[in-house]
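**Q** Protein chains in written order, with numbering that gives the first Met the number 0: chain G, 0 to 201; chain R, 0 to 201. Using N, Cα and C, we set each Cβ at its ideal position, and we do this for glycine too. Owing to the predicted nature of the structure, the values given are computational and were not obtained by experimental measurement. One structure is given below, represented as C-alpha cells, and several questions about it will come after.
2 protein chains.
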Amino acid sequence: MASRQPRPAKETNATRDAIVAVADRLFYEQGFAHTSFSHIADAVGISRGNFYYHFRTKDEILEAVIASRMQATHDMIAAWEARDGSPAGRILCYIRIVVGNRGKIMRHGCPVGTLTGELAKLGHPSRPGASAIFGVFRGWLSRQFTLLGHARNADALAMHVLAFSQGVAVMDNAFRDRAFVEREVERMTRWLADVVAAPVEA
Amino acid sequence: MASRQPRPAKETNATRDAIVAVADRLFYEQGFAHTSFSHIADAVGISRGNFYYHFRTKDEILEAVIASRMQATHDMIAAWEARDGSPAGRILCYIRIVVGNRGKIMRHGCPVGTLTGELAKLGHPSRPGASAIFGVFRGWLSRQFTLLGHARNADALAMHVLAFSQGVAVMDNAFRDRAFVEREVERMTRWLADVVAAPVEA
DNA sequence: GTCTATAAGCTGATAGAC
DNA sequence: GTCTATCAGCTTATAGAC
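Structure, rendered in C-alpha cells:
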C-alpha cells in the first residue's frame, strides 16, 4: 500500500521537532495569542519564512503542540504505572504534581488548564483538543478509583482530584504561597486515605 | 486647596464609563491581549481616535477595568453582609457563586482567575492589581472564619475556599458538566458545616 | 530545506480639523 | 469631546532565489 520511494512521511525532522518544542514552551510561558512566529523563530534560530515549509498556519503549530502534550501525558501516566503498582500510589503521583512542578505552575499556571482557558476565550477550534488532555487524566484517574472499589463514584472522584489540582494551580499562580500548596496536598492526601479506607459505599 | 473653576476632575463621563464597561466585558470574554481598540470602539460606538482623549494607553484602560472590578467586588461583599447576618451564610454566598454565575464561568472561566493568569503570562505590570481582587476575597473570607471561632486557621480556610472556587471554575470551563458543579458545591457545603460544628481546634 | 524580500492587514498611538 | 487621517511597527502569510 504505502509507496516506498519519496519517503514514508513519518521520517523525523529535527527542525520541525524544534519548532514544536519551542512553541510548546512559549505557548505555556507567554500564552498562545501573545506568542508570534518571530518569538518562535528567534528561539529556534531559523527565519520566519522557513516556518511555512513545516506548517501552513499558526493553528497547525498549535495542533502539533497539543498532540505533543497529549503524547507526553500518556508517557507520564505510563511512567507512574511502571513505578507504582497500587492505584492509591498512582493517584498520589497526580496529586503531588502541584508540588513537583511548583516553580513553573507558580509562574505560568497549569499547562493544560491555562491553554484550555485561553482557547475557550479565543473561541479557538482546537479547544476540544486541549480539553481532551484533561479527559485523559480524568479517564485514567477514574480507572484507579474503580480499582479501589469505587466503581460507581469513580468519575466523580476523578473530577474532584482534577478540580483540586486546578484550584491549587490558580491560587499558587496568584499568591505564590508555598505553605498553602503543601497544606492542600496534605489535606488531599488525607482525603485519599479516607477514600481508600472506605471502598464500599452506602 | 482644590481649585473650583475647571471642574473637580471627579465629574462623571458617560463615554469613559462606557469604554470601561465594554472593555471589562470584552477582556473577560476574549482575553486582554486578544481584545483590540477596534473591538472596544465598535462595541461602544466611537472612533479609535476618541480613545486617547479618555485614556493614554491600553494599559490605562486595563487599570480602570481592574479598579472597576475591585469596586464591584466590594459592592458584592457589602450586599452579602446586608443580606446574611451569619458568617457561615456569607461564606455560603461565596461558595454558591460557581452555581449562580455558571453560564458565564462555563464559557469564559472565573473573571478574576483568568485575568490574573493571563497577566502572569504576559508579565504585565497590572498583575498585582488583578491578584489584589483575590486578596479582598481572601481577607474577607478569613474574617468570616475568625468570627466562626477559627482565628488561628482563618487564612488557611479562606485559601481552601478560594481554591475550591477556582478548581470548579476551570473544570466547568473545560468539561461543562453541570452535575459536577452541583456535586462539588454540595461537598463544600458539607465541609463548611463540619467547620462550623467544630469551632475549637486541637 | 532554508533563506530573503515582500505583501496586505491589523495593532497601539499621534496630529489636527471640527 | 469626537472625528478623520495618518503613522510606524508588528502580525501572518506568500513568492521565489539559493
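Nearest to methionine 187 of chain G by alpha carbon, out of G:Val160, G:Ala71, G:Val169?
**A** Answer by Cα proximity: G:Val160.
**Q** I want to know whether the stretch 183 to 197 of chain G touches the stretch 178 to 185 of chain R - three or more CB-CB distances under 8 Å.
**A** The stretch 183 to 197 of chain G, when compared against the stretch 178 to 185 of chain R, does not touch it at the 8 Å Cβ threshold.
**Q** If we ignore side chains and look at the alpha-carbon of each, how far apart do glutamine 143 of chain R and isoleucine 104 of chain G end up?
**A** For glutamine 143 of chain R and isoleucine 104 of chain G, the distance between alpha carbons rounds to 29 Å.
**Q** What do you reckon, are the CB atoms on tyrosine 27 of chain G and leucine 114 of chain G nearer than 9 Å?
**A** Contact: yes.
**Q** Go ahead and pull the three-state DSSP assignment for isoleucine 45 of chain R.
**A** Looking at isoleucine 45 of chain R - three-state DSSP - the assignment turns out to be coil, as it is neither helix nor strand.
**Q** Given leucine 118 of chain G, which residues of its chain have a CB within under 8 Å of its CB, disregarding the five upstream and five downstream residues?
**A** Answer for leucine 118 of chain G: Phe31, Ser125, Arg126, Ala129, listed in chain order.
**Q** Under a Cβ-count criterion, where at least 16 other Cβ atoms within 10 Å of its own Cβ denotes burial, should arginine 82 of chain R be classed as buried or exposed?
**A** Arginine 82 of chain R comes out exposed.
**Q** For the stretch 179 to 194 of chain G, list every residue whose C-beta sits within 8 Å of some C-beta in chain R, in sequence order.
**A** Taking 8 Å as the Cβ-Cβ cut-off against chain R, the residues of the stretch 179 to 194 of chain G that qualify are Phe179, Arg182, Glu183, Arg186.
**Q** Comparing alpha-carbon positions, which option in R:Asp171, R:Lys120, R:Leu147, R:Glu62 lies nearest glycine 84 of chain R?
**A** Checked all of R:Asp171, R:Lys120, R:Leu147, R:Glu62; the closest Cα to glycine 84 of chain R is R:Leu147.
**Q** When the Cα atoms are used, what is the spatial distance from alanine 17 of chain R to phenylalanine 163 of chain R?
**A** Each residue's alpha carbon lies about 33 Å from the other.
**Q** So with Cβ pairs under 9 Å, would you call phenylalanine 174 of chain G a contact of chain R?
**A** Phenylalanine 174 of chain G counts as touching chain R.
**Q** Beta-carbon within less than 8 Å of histidine 38 of chain G's beta-carbon, same chain only, minus the 5 sequence neighbours each way: which residues are those?
**A** Excluding residues within five positions, the ones whose Cβ falls inside 8 Å are Leu25, Gln29.
**Q** Taking the straight line between their C-alpha atoms, what separation do you get for histidine 73 of chain G and proline 110 of chain G?
**A** Between histidine 73 of chain G and proline 110 of chain G, the C-alpha separation is close to 15 Å.
**Q** Is the Cβ of arginine 101 of chain G closer than 9 Å to any Cβ of chain R?
**A** So, not an interface residue.
**Q** Can a CB atom of chain R be found closer than 9 Å to the CB of glutamate 80 of chain G?
**A** It does not: the Cβ of glutamate 80 of chain G has no partner Cβ on chain R nearer than 9 Å.
**Q** Using a Cβ-Cβ distance cut-off of 9 Å, determine whether histidine 159 of chain R contacts chain G.
**A** So, interface residue.
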